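Q: When we follow the UniProt record's numbering, the leftmost residue of the sequence shown carries the number 1, and every step to the right adds one. There's a structure below that I have some questions on.
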Amino acid sequence: MSYHNPYTPPRKSATFDDYTLAEIRRAAATGIYDIRGAGTKRKVPHFDDLLFLGASISRYPLEGYREKCDTTVVLGSRFAKKPITLKTPITIAGMSFGALSGNAKEALGRGATIAGTSTTTGDGGMTDEERGHSQTLVYQYLPSRYGMNPKDLRRADAIEVVVGQGAKPGGGGMLLGQKISDRVANMRNLPKGIDQRSACRHPDWTGPDDLEIKIMELREITDWEKPIYVKVGGARPYYDTALAVKAGADVVVLDGMQGGTAATQDVFIENVGMPTLACIRPAVQALQDLGMHRKVQLIISGGIRSGADVAKALALGADAVAIGTAALVAIGDNDPRWEEEYQKLGTTAGAYDDWHEGKDPAGITTQDPELAKRLDPVAAGRRLANYLKVMTLEAQTIARACGKNHLHNLEPEDLVALTIEASAMAQVPLAGTNWIPGKGGF
Numbered sequence: 001m002s003y004h005n006p007y008t009p010p011r012k013s014a015t016f017d018d019y020t021l022a023e024i025r026r027a028a029a030t031g032i033y034d035i036r037g038a039g040t041k042r043k044v045p046h047f048d049d050l051l052f053l054g055a056s057i058s059r060y061p062l063e064g065y066r067e068k069c070d071t072t073v074v075l076g077s078r079f080a081k082k083p084i085t086l087k088t089p090i091t092i093a094g095m096s097f098g099a100l101s102g103n104a105k106e107a108l109g110r111g112a113t114i115a116g117t118s119t120t121t122g123d124g125g126m127t128d129e130e131r132g133h134s135q136t137l138v139y140q141y142l143p144s145r146y147g148m149n150p151k152d153l154r155r156a157d158a159i160e161v162v163v164g165q166g167a168k169p170g171g172g173g174m175l176l177g178q179k180i181s182d183r184v185a186n187m188r189n190l191p192k193g194i195d196q197r198s199a200c201r202h203p204d205w206t207g208p209d210d211l212e213i214k215i216m217e218l219r220e221i222t223d224w225e226k227p228i229y230v231k232v233g234g235a236r237p238y239y240d241t242a243l244a245v246k247a248g249a250d251v252v253v254l255d256g257m258q259g260g261t262a263a264t265q266d267v268f269i270e271n272v273g274m275p276t277l278a279c280i281r282p283a284v285q286a287l288q289d290l291g292m293h294r295k296v297q298l299i300i301s302g303g304i305r306s307g308a309d310v311a312k313a314l315a316l317g318a319d320a321v322a323i324g325t326a327a328l329v330a331i332g333d334n335d336p337r338w339e340e341e342y343q344k345l346g347t348t349a350g351a352y353d354d355w356h357e358g359k360d361p362a363g364i365t366t367q368d369p370e371l372a373k374r375l376d377p378v379a380a381g382r383r384l385a386n387y388l389k390v391m392t393l394e395a396q397t398i399a400r401a402c403g404k405n406h407l408h409n410l411e412p413e414d415l416v417a418l419t420i421e422a423s424a425m426a427q428v429p430l431a432g433t434n435w436i437p438g439k440g441g442f
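Written as structure tokens, this is what we have:
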């Protein structure tokens, strides 16, 4: 005989929560895996788990109204004849025309130019509008080779060889047929309306020795003018960084699992890769072991949202950061003004991630011409520039409070961690102690 205690509410499983149960039922009903955009939604140790130690008696702070805190960064000074100088260490990550509308790409270029930083093409080639509105444009060279041609390599200000990205290290990209318009199809040499899946690896090289040859080819094509970046997903950051440096990279871009994507399997986004916080210190250690820290620049991406995040990434040893999802939010992605339409799509503002469907009410992750018209690239560009300005000012404020006259003078000594996990990943002491897990202390 069973007895139900009327004073105890029904208890649900932490393992089989409502979302997990719904996914099991969806998989059983459809026989297909879930595809979505954006980055991981699980909670992982992140920059929020770190705090700065502002100056007091033992450190001397800088006066914000009288003393400068420099934010400039030079990228690509190792080999390139024409390295890039940016006014702020916050860059715009690669997001393709195809994944994004033409207006969205133009807005990113406009905003980056006003702020004095760079933007990046993404997969699928370079549009004239993007080149025309981007003072500094990085051209991505991906396994797909979509839209790749020597002319655009020479038109770019830098070239980023993409080995992987944080949302799907080891996986290729997706662009579903509903987003392959006439123009996208023509740029990528694809049939209109047919699903496209990019390769997970480059077709003409299989390891670091071949990568070195490829980098030399790119340098010859561009007369050694352009900085060559190598972008990797956060999986084995020490070895990947070291091998990229040995292959001849000017800049290493390291993307943690909070980095977004236009479309891939949900199981990939949530279960492959490492948190951004766990990637930085091994990559910096690799650069230091090779005597290349600050000589080969390190750009960190994946979940950067504020000036505090920027300052923390730089304090841990990065030279710059890249933002993607945050930049889309700044220009209007997931805006509550479109809440009614988001609800019609079965979601809500702040949770919309079906970017692959091409139905974005904000006109950003779509190729529908009527939806794309909703985004004014001039106004959206100004919003992005404002956001970049605020992030830069926030990072400066923190640096001055720590007594630093350049953002690059921030260091791990300026940080403590709130959790054991963050302390171990960032290799800074747990707050109130001098203990770093695995390194002794008390």
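Note that the Cβ used here is the ideal one computed from N, Cα and C, for glycine as well. Keep in mind the model is a prediction, meaning the values are calculated, not measured.
Looking only at its chain, what residues have a beta carbon closer than 7 Å to the beta carbon of ASP182, apart from the 5 residues adjacent to it on each side?
A: LYS192
Q: Taking DSSP as the reference, what is the three-state secondary structure of PHE442?
A: Bear in mind that the predicted position of PHE442 carries a pLDDT of just 49, short of 50, making it unreliable; the figure below should be weighed with that in mind. Three-state result, PHE442: coil.
Q: Please go through the same chain and pick out, in chain order, the residues whose beta-carbon is closer than 7 Å to the beta-carbon of THR30, but skip the five residues on each side of it.
A: Counting only Cβ-Cβ distances below 7 Å, and skipping sequence neighbours, we find nothing.
Q: Identify every residue that forms a DSSP beta bridge with ALA320.
A: ILE299
Q: Given this structure, state the Cα-to-Cα distance separating ARG383 from GLY111, to the nearest angstrom.
A: Take the alpha-carbon of ARG383 and the one of GLY111: they are about 7 Å apart.
Q: Are the beta-carbon atoms belonging to ARG219 and PRO143 less than 7 Å from one another?
A: no
Q: Can you name the start and end residues of the alpha helix (DSSP H) that THR72 belongs to?
A: From DSSP, THR72 is part of no alpha helix (DSSP H); its letter is neither H nor E.
Q: Look at the alpha carbon of PHE442 and the alpha carbon of TYR65, and state the distance between them as a whole number of angstroms.
A: Confidence at PHE442 is low in this model, with a pLDDT of 49, below 50, so its placement is unreliable and the value that follows should be read with caution. Their Cα atoms are separated by approximately 39 Å.
Q: Just tell me which of ILE280, ILE420 and ALA263 has its CA closest to the CA of ARG197.
A: Nearest C-alpha to ARG197: ALA263.
Q: Among the residues of its own chain, which have a CB less than 8 Å from the CB of ASP354, if the five just before and after it don't count?
A: So the list reads ARG36, GLY37, LEU345 and THR347, once near-sequence residues are dropped.
Q: ALA249: buried (16+ other C-beta within 10 angstroms of its C-beta) or exposed?
A: Counting Cβ neighbours within 10 Å, ALA249 comes out buried, since at least 16 surround it.
Q: Decide if PHE268 is buried, meaning its Cβ has at least 16 other Cβ atoms within 10 Å, or exposed.
A: The residue in question, PHE268, is buried, as its Cβ has 16 or more Cβ neighbours within 10 Å.
Q: Based on the DSSP output, what are the partners of LYS231 in its beta bridges?
A: LYS231 pairs with VAL162 and VAL253.
Q: Rounding to the nearest angstrom, what Cα-Cα distance links ASN149 and GLY39 in this structure?
A: 30 Å
Q: Excluding the 5 residues flanking SER423 on each side, which residues of the same chain have their C-beta closer than 7 Å to its C-beta?
A: Correct list, in chain order: ALA417, PRO429, LEU430, ILE436 and PRO437.
Q: Give, in chain order, every unbroken run of the alpha helix (DSSP H) that is at least 4 residues long and sits entirely within the stretch 99 to 177.
A: Whole alpha helix (DSSP H) segments, 4+ residues: 102 to 115, 128 to 133 and 150 to 155.
Q: Cα-Cα, which of ILE323, GLN367, SER306 and MET274 is closest to residue 456?
A: It is not possible to answer for residue 456, since the shown part of the chain is limited to 1 through 442.
Q: So, with DSSP's three-state summary, where would you put ALA422?
A: In the three-state DSSP reduction, ALA422 falls in the helix class (H, G or I).
Q: Within a Cβ cutoff of 8 Å, which residues of the same chain sit near ILE194, ignoring the five residues on either side of it in sequence?
A: GLY177 and ILE180
Q: For PHE47, which three-state DSSP category applies?
A: helix
Q: Restricting to Cα atoms, I'd like to know which of ASP360, ILE24 and LEU316 is closest to PRO336.
A: ASP360
Q: Between GLY102, GLY98, THR120 and SER77, which has its C-alpha nearest ILE90's C-alpha?
A: When GLY102, GLY98, THR120 and SER77 are compared, the shortest CA-CA separation from ILE90 is found for THR120.
Q: From which residue to which residue does the beta strand (DSSP E) around ILE213 run?
A: Segment 208 to 221 is the alpha helix (DSSP H) holding ILE213; no beta strand (DSSP E) there.
Q: Tell me LEU415's beta-bridge partners as DSSP assigns them.
A: PHE52
Q: How about the stretch 214 to 233 and the stretch 156 to 167: do they share at least three Cβ pairs that are nearer than 8 Å?
A: yes
Q: Taking the C-alpha atoms as reference points, what is the distance between THR433 and CYS279?
A: 23 Å
Q: Is it buried or exposed for residue 460, if we count other Cβ within 10 angstroms and need 16 for buried?
A: Given that the chain is displayed from residue 1 to residue 442, the structure contains no residue 460 and the question cannot be resolved.
Q: ILE331 by DSSP, collapsed to three states: which one?
A: Helix.
Q: Work out the CA separation of GLY116 and LYS87 for me, nearest whole Å.
A: 5 Å
Q: DSSP three-state label for GLN258, please.
A: coil
Q: Does DSSP classify GLY273 as helix, strand or coil?
A: coil
Q: Quick check on the DSSP output: the alpha helix (DSSP H) that includes THR397 runs from which residue to which?
A: Residues 377 to 401.
Q: Along the chain, where does the beta strand (DSSP E) containing THR85 start, and where does it finish?
A: 84 to 86
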